[in-house]
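Numbering (our numbering), first residue to last: 1226 to 1519.
Okay, so here's the structure we're looking at.
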């Protein structure tokens, strides 16, 4: 039972779902790739699956989940870490060896996040001229003295702890930009990394010798694979809906336009304007309250 995927048509030869006999994320291993791609097809099915699950009755079911009662034990942190790791990352084998945007990669004991767009990676030597763009991921470990030195140039070490409100939440008193990638599945453990968007590394990957004799139009269709980028090894891939915001955040930090700061006098003037507005608003709200009669 396989699915034949080619340009312009998808021919189903088996029943999706329970009868398929596999996990949903493993469907790609039952796809015969024509001119299309496995990941695109899986993303299409995943979106349809998500829409089906999030039907009109799902919120009624959620409302039936009881709230924690007094004395309920604190949730197990290991379980929470495993759940969030599963939600944040896809770490199954892709089966096609392709390098993709959002891949977390280890190469020469350094970790990277791939930034290059999938469409460029699919025509790598034509669109990217053999250059892949990545951002360095720094292991969040006590022994990582280099990371501590970078982060504490202008901020004291005690100003680093905090509660990031999201995957891209600010780290303590650091400037907006660096963010934590937690619970990355690596060698049977969950590792944490800090991504510094401005720590971008571009690497050149030479066209494999076996392709040099091909015509130019054929070379332009070659996608980059991990076998071309040795000794790089894929660890996992950031999943949606987290991947797109992560990539956009990195690009915004790198290419964003700064705004000049106001001088102290201007800050004081604006503070006074806002304070006056706040006081006036409170007074107006009190005066409009209906008077209760006995």
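We treat Cβ as the ideally placed atom computed from N, Cα and C, and that holds for glycine.
A quick note: this is a predicted structure, and the numbers were derived from the prediction, not measured.
Would you check if the distance between the CB atom of residue i and the CB atom of residue j is smaller than 8 Å?
i	j	result
residue 1357	residue 1370	no
residue 1313	residue 1464	yes
residue 1319	residue 1339	no
residue 1448	residue 1332	no
residue 1309	residue 1407	yes
residue 1315	residue 1469	no
residue 1425	residue 1405	no
Whole angstroms are fine: how far does the CA of residue j sit from the CA of residue i?
i	j	result
residue 1409	residue 1441	39 Å
residue 1431	residue 1303	42 Å
residue 1270	residue 1435	35 Å
residue 1335	residue 1272	33 Å
residue 1375	residue 1466	30 Å
residue 1498	residue 1488	16 Å
residue 1222	residue 1439	As shown, the chain starts at 1226 and ends at 1519. That puts residue 1222 outside it, with no answer to give.
residue 1385	residue 1306	21 Å
residue 1381	residue 1494	31 Å
residue 1417	residue 1485	34 Å
residue 1473	residue 1413	30 Å
residue 1399	residue 1415	24 Å
residue 1284	residue 1421	37 Å
I think residue i touches residue j, with their Cβ atoms under 8 Å apart; what is that distance to the nearest whole Å?
i	j	result
residue 1471	residue 1392	7 Å
residue 1423	residue 1397	That belief does not hold up - the Cβ atoms of residue 1423 and residue 1397 are roughly 18 Å apart, past 8 Å.
residue 1351	residue 1445	4 Å
residue 1372	residue 1329	Residue 1372 to residue 1329, Cβ: 17 Å. No contact.
residue 1450	residue 1322	4 Å
residue 1353	residue 1343	Not really, about 12 Å apart at Cβ, beyond 8 Å.
My output table needs one value for residue i: the three-state DSSP class, helix, strand or coil.
i	result
residue 1448	coil
residue 1386	coil
residue 1428	strand
residue 1476	helix
residue 1399	coil
residue 1437	coil
residue 1217	This structure gives no information on residue 1217, because the portion of the chain shown stretches from 1226 to 1519.
residue 1485	coil
residue 1420	strand
**Q.** Sequence ranges, alpha helix (DSSP H) only - wholly within the region 1291-1377, length at least 4
**A.** If we require 4 residues or more, the alpha helix (DSSP H) runs fully inside the region 1291-1377 come out as 1302-1313, 1343-1346, 1349-1352 and 1370-1376.
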